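Below is one structure, written out as structure tokens, with a few remarks after it.
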Amino acid sequence: MPAIEPRPDPGHTSGITIVGVGAGVAVLLTVLLAAQPSFAQKVYSYEPLMMDPYSTIYVDDGSCSAGKVLRVQGAHKNQRRKKSCVPMSDLKSIPSTGAIR
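First residue of the sequence shown? That's 57 in my numbering, and the numbers climb one at a time after it.
Take a look at the structure:
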């Protein structure tokens, strides 16, 4: 007669598994919360002299009308930068530097 092995109770979960999953979720949330501010882009009070090619920055130097900021896109080598005024409402996730005039 073959030996019958006991089956684990399907309603019972190991405490180690629950702790492992909980720790994994906690680490994931911590990484997401820590990384979020690093993705935010600042609004500068002046246009920098040097920029990386094809990078985009936002400048609030008063050259655009009220409620708008200057979007500056860097260019490669001796080409001109692309500049355009965009509404501040489009930049919801971008905090300002807090420069007071």
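All residues carry an ideal CB built from backbone N, CA and C; glycine is no exception. Since the model is a prediction, treat every value here as computed from it, not as a measurement.
Candidates the options: closest to residue i by CA position
i, options, result
"residue 109", "121, 130, 126 and 118", "130"
Separation of residue j from residue i, as counted between CA atoms
i, j, result
"residue 86", "residue 78", "12 Å"
"residue 127", "residue 135", "16 Å"
"residue 144", "residue 119", "14 Å"
"residue 107", "residue 83", "35 Å"
Test item: CB-CB of residue i and residue j under 8 Å
i, j, result
"residue 81", "residue 99", "no"
"residue 101", "residue 117", "yes"
Residue i in three-state terms, based on DSSP
i, result
"residue 84", "helix"
"residue 119", "coil"
"residue 101", "coil"
"residue 127", "strand"
"residue 145", "helix"
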